[in-house]
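Residue numbers (my numbering): 330 to 1019. Data first, discussion second: the structure below is written as structure tokens.
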Ligand SMILES: Cc1ncc(C[n+]2csc(CCOP(=O)(O)OP(=O)(O)O)c2C)c(N)n1
Ligand SMILES: [Mg+2]
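So this is what it looks like as structure tokens:
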């Protein structure tokens, strides 16, 4: 058969595998794979520099399917291209990432062919997608990372990193705000390594986009500073390739290719309708559609002879040659630039360089103290000097978050300065978090920062960091009512508990400057978990660690900070963050009255919950029932640590607009109040506690 026939055969194989998988599962999204099979075919078999034998080769082109509901496109192409599996330790396993059997069991338990693309569950998936807009926003982080890596590592004759990033999206992705934030920044940064392909099919779930989405996408992207190309026939693979060639020649700006397509292409009664989006075609329609493709009507999960070989001769051969060439080049690079090569190795395995934690500050005892954000700024600057690939920035709050990297040579990442370590996200929290994910997927160590209250604006992407098991870092300052006069709009209440609810996310609210240092020490060593730091705006006393326990206890989530002489407490005071010092003061007051109180510093529930029962019981002895938690956040959930007979001092309402001291008085965050609560718990109701 001629090449073109094999091309058509390969495209129809992607289509029919997708149709059959959805049919078999009785759920899924057939229409978009049917429409975009030619696009995915073209990118993969004609363009992508990607070796199916090694889907984590560092210089591979990235392909992100942002319209994740069309996941069958990925599963089909992974299978046909023969993408091999790797494990969490980055070992190449040699077997297929996606078998035909997986596809037959699409959306079933333990099948690799899951409903939406899941990073690290399925080798070959570059980013978890499904929440629309996230994939393309994440791709901007990947593009920033490529530019940064090229600047740091490439040397004349050694293009260690010269890959491109392709992301496919639909109407939904482009309607989402996060896409606009990310596209605006990508345009500003002139990321010419980034190509989005927009599936312009005029259909979403509720029907025609004429009811919701009538903006001029081309003009919008032109105004962002993108190059805008149009391919008016999604079946014309030569024109698709032509547009991609044009992208590769375009310098100084990202490219969007607007691809006019027909959802459910080939289905006589469902093409161009919303019905093709998210339900099986139905047996009769499957038959006539297959007939329209010139496919045997009865065949199911058919991969015609020669199709796998066709992919092997295309992406297989091209990818293998590219990787071989790169591997040889990298060997020479290693000989010439051994330190840089070691960096690449370490980054790829998410290892830290030797001496990553040297010179971390130790803060002396100081009753006036240091703000959490200040301490964090100092730590970030040390870490970034020790770890060359540690970078990040804020959503326009750098001076306030204290996240600016100010050491010599830190610099800004901009279009003309690709090696800068300070990213300026602008006031785009959602895209910031998605971009941090993209940086992290590219094996850089990245952080993003804003006020804690605006973590809500970033939350969907933080959730994906956890789902993807990325060691992303989110630095959130102004973690309680410390910005008193700004009022309730700026005062987090439910943010802590809502972030604690995200599985796998480490949430840390350190109580003094040395706890901030220890929090970073802990976080930096995470390889597969994201972390949120909630830091104070206002100075917090730096505790005297000769008198109280070492801040190293942070690594266990909670630890006994202070005990009565000889131990054996009758009441336990538990606090995090800015309430730690007030609990310490309450402890001192109680001690003066002969009451035996223990102070437990609990910066992280998540970490504490993962300690042994024995350790947890040693911190919170089951027999001590009188327990009080003090935290300027929602009271929700603290019952699990204070028990039924304990007391929770927290927030049940929004805050208020007043100087911090007044708010602390109004809401009961004062040492005498905590001491009174302790006495009441111990049976001294006359203590005056209300
Ligand atoms: C953030 C988010 N909101 C809603 C959905 C549910 N959803 C999945 S697909 C879809 C319609 C998407 O339309 P489009 O992107 O045009 O995809 P097409 O049907 O054309 O493939 C919606 C609303 C989602 N996955 N993510
Ligand atoms: Mg659409």
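The C-beta atom is built at its ideal place from N, Cα and C for all residues, glycine as well.
Residue i versus the options, residue with shortest Cα-Cα distance
i           : options             : result
residue 895 : 731, 622, 920, 361  : 920
residue 688 : 700, 846, 643, 749  : 846
residue 987 : 504, 554, 811       : 811
residue 694 : 873, 971, 366       : 873
residue 579 : 963, 431, 557       : 557
residue 408 : 429, 417, 745, 352  : 429
residue 817 : 886, 984, 609, 759  : 984
residue 582 : 406, 599, 513       : 513
residue 610 : 524, 345, 437, 1010 : 345
residue 544 : 949, 776, 503       : 503
residue 792 : 786, 775, 827, 831  : 831
residue 674 : 651, 932, 718       : 718
residue 607 : 943, 972, 884, 352  : 352
residue 573 : 374, 422, 879, 684  : 374
residue 789 : 340, 417, 506       : 506
Under the three-state DSSP convention, the category residue i falls into
i            : result
residue 756  : coil
residue 804  : strand
residue 537  : strand
residue 929  : strand
residue 877  : coil
residue 696  : strand
residue 981  : coil
residue 409  : helix
residue 783  : helix
residue 1016 : Bear in mind that the predicted position of residue 1016 carries a pLDDT of just 45, short of 50, making it too unreliable to give a figure here.
residue 561  : coil
residue 612  : helix
residue 496  : strand
residue 516  : helix
residue 770  : helix
residue 588  : strand
residue 937  : helix
Supposed contact pair residue j and residue i - C-beta distance, whole angstroms, cut 8 angstroms
i           : j            : result
residue 461 : residue 501  : 4 angstroms
residue 859 : residue 763  : Their Cβ separation, rounded to whole angstroms, is 13 angstroms, which puts residue 859 and residue 763 out of contact at 8 angstroms.
residue 976 : residue 1006 : 5 angstroms
residue 419 : residue 677  : 7 angstroms
residue 907 : residue 778  : With a Cβ gap of about 18 angstroms, residue 907 and residue 778 do not count as contacting.
residue 630 : residue 432  : 7 angstroms
residue 903 : residue 883  : Actually they do not touch by this definition, with Cβ atoms about 14 angstroms apart.
Limits of the beta strand (DSSP E) - the one that residue i falls within
i           : result
residue 736 : Unbroken run through residue 736: none, as it is neither H nor E.
residue 891 : 888-891
residue 867 : Premise fails: residue 867 is in no beta strand (DSSP E) and is neither H nor E.
residue 422 : 421-425
residue 904 : 900-904
residue 966 : Per DSSP, residue 966 belongs to no beta strand (DSSP E) and is neither H nor E.
residue 836 : 835-837
residue 849 : Counting along the chain, residue 849 falls outside any beta strand (DSSP E), though it belongs to the alpha helix (DSSP H) covering 842-853.
Neighbourhood of residue i by C-beta distance below 6 angstroms, restricted to the same chain and skipping five residues each side
i           : result
residue 435 : 350, 354, 442
residue 362 : 347, 399, 401, 402
residue 371 : 566, 569, 570
residue 784 : 805, 824
residue 654 : none
residue 937 : 886, 887
residue 679 : 856
Same chain, Cβ closer than 8 angstroms to residue i, neighbours up to 5 away in sequence not counted
i           : result
residue 662 : 484, 487, 489, 669, 670
residue 364 : 528, 530, 563, 590, 591, 592, 593, 594
residue 829 : 836, 934, 935, 966
residue 393 : 455, 456, 458, 464, 465, 467, 468, 471, 494, 495, 496, 497
residue 619 : 345, 348, 625, 626, 628
residue 747 : 476, 477, 479, 480
Endpoints, alpha helix (DSSP H) assigned at residue i
i           : result
residue 910 : 909-921
residue 960 : Residue 960 -> not in any alpha helix (DSSP H); beta strand (DSSP E) instead, spanning 956-963.
residue 502 : 500-504
residue 392 : Where residue 392 is concerned, there is no enclosing alpha helix (DSSP H), although the beta strand (DSSP E) it sits in stretches over 391-394.
residue 552 : 546-553
residue 468 : 463-482
residue 996 : 989-996
residue 453 : First-last for residue 453: undefined, no H or E at that position.
residue 706 : 701-715
residue 827 : 824-829
residue 373 : It is not in any alpha helix (DSSP H) - residue 373 carries neither H nor E in the DSSP assignment.
Residue-chain proximity (residue i, chain D), Cβ-Cβ < 8 angstroms
i           : result
residue 872 : The displayed structure is made up of one protein chain only, and chain D is not part of it.
Contacting residues, own chain, Cβ-Cβ under 7 angstroms from residue i (five flanking each side not counted)
i           : result
residue 897 : 925
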